[in-house]
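> For the sequence shown, position 11 (counting from the first letter as 1) is numbered 52 according to my numbering, and the numbering increases by one without interruption.
Even glycine gets a Cβ: it sits at the ideal position worked out from N, Cα and C.
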Amino acid sequence: HRFAITYHRLKRGRRALRSELDDIPGVGAVRKKALMKRFGSVARLRTASVEEIEGTPGVGPAMARTIHSALHQETAERRAG
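Put into structure tokens, the structure is as follows:
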């Protein structure tokens with residue numbers, strides 16, 4: 042029983058740590074951590090410009106555009122659906 046509870050807590054914990062950034066190609070643990078350190082939340086990151094995102098260590102111009110468009114595409118899909 043203890044093993045089942047431990048497994049369930051671990052699985053639930055991983056789900057809680059999941060974010061929209063995990064679905065963006067090229068954004069791994071290091072970039073995700075840098076983005077969260079700079080912006081604090083995905084909601085604040087969503088309001089940032091490409092230039093502001095590019096100011097994050099480890100994020101170049103192409104990756105900043107990718108992140109920006111992915112977050113804004115998800116926002117548009119949520120509004121439509």
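Is it buried or exposed, T88, if we count other Cβ atoms within 10 angstroms and call 16 or more buried?
T88 is classed as exposed because its beta carbon has fewer than 16 other beta carbons within 10 Å across all chains shown.
> Within its chain, find whatever has a CB closer than 6 Å to the CB of R43; leave out the 5 residues flanking it on each side and keep chain order.
none
> Counting only the same chain and skipping the five closest in sequence on each side, list residues whose C-beta sits under 7 Å from that of L62.
V68, K73, L76, V83
> Where does the unbroken alpha helix (DSSP H) through I94 begin, and where does it stop?
91-95
> To the nearest angstrom, report how far apart P98 and S90 are at their CA atoms.
One C-alpha to the other measures close to 15 Å.
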